[in-house]
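S.K.: Starting off with a structure, shown below.
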Amino acid sequence: MNIKINNIPGFIQAEIEQLQSKLSPLLKKNMKYGFFSTVLIGFSIINLFFLLFKNESIPISKIALGIYALVGAVGFALLKENKHNKREIVIMSQKFMLERIKNSSYLTDARKSNYFKRVNEHPLTAMNVFFEFLAEEQQWKNKSSHPE
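Residue 869 is where the sequence shown starts when you use the numbering used here, and the numbers rise one by one after that.
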């Protein structure tokens, strides 16, 4: 679950770890739902196919059809919950980024509002914008700790 990339600076890695710690319960649940939904849907579709189309000699059991249909329905329900959890993960990560930007004491309000706007308008690139924000904040931290 932990992302370790060698090219990421330590200050960005620390923020990623904080974000992961907040999202880890949902991420674990999401992975389980995704796996089980795929297995249940696949199992159901394959068995329904063989029961309906490849089984000419044995009469079709309505109970077996019902069970396979129910298994498929549970699989699709888990898939829907998985999609809902993905949206929740995006919302939580976006809230984390916006809160972190808002609480920065190194950037001006104009720069913060610029990052705020970019994160809200382009959610697909929000992580890149957040990394950009962290890099700029780190530059200001370095400048303030090393006056020339």
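Note that beta-carbon positions come from the ideal geometry of N, C-alpha and C, so glycine has one too.
#1: Do you know offhand how far His990's Cα is from Ala932's?
#2: How would you call Ile935, buried or exposed, if buried means at least 16 neighbouring beta carbons within 10 angstroms?
#3: If you follow the alpha helix (DSSP H) that Pro893 is in, where does it begin and where does it stop?
#4: Please report how far the alpha carbon of Leu908 lies from the alpha carbon of Ile959, in whole angstroms.
#5: Span of the alpha helix (DSSP H) holding Ser972?
#6: Identify whether Ser929 lies in helix, strand or coil by the three-state DSSP scheme.
#7: How would you call Leu938, buried or exposed, if buried means at least 16 neighbouring beta carbons within 10 angstroms?
#8: Are Ile957 and Leu887 touching if we call contact CB-CB under 8 Å?
#9: Can you give, in chain order, each stretch of the alpha helix (DSSP H) that sits fully within the region 940-1001 and has at least 4 residues?
#10: Can you list, in chain order, the residues of its chain with a C-beta nearer than 8 Å to that of Gln984? Leave out the 5 residues immediately preceding and following it.
#11: Would Ile928 and Leu920 be called neighbours here (beta carbons separated by less than 8 Å)?
#12: Could you tell me whether the region 940-959 touches the region 898-908, where touching means 3 or more Cβ pairs closer than 8 Å?
#13: Whole angstroms is fine: what's the gap from Glu972's alpha carbon to Arg979's?
M.R.: Per the coordinate set shown:
#1: 48 Å
#2: exposed
#3: Gly878 to Phe921
#4: 28 Å
#5: Here Ser972 belongs to no alpha helix (DSSP H), and DSSP marks it neither H nor E.
#6: coil
#7: exposed
#8: no
#9: 977-989
#10: Sequence check: residue 984 is Phe here, not Gln. Excluding sequence neighbours, Phe984 sits near Leu966, Ile969 and Lys970.
#11: yes
#12: yes
#13: Per the sequence shown, residue 972 should be read as Ser rather than Glu. If you take the alpha carbons of Ser972 and Arg979, they lie about 10 Å apart.
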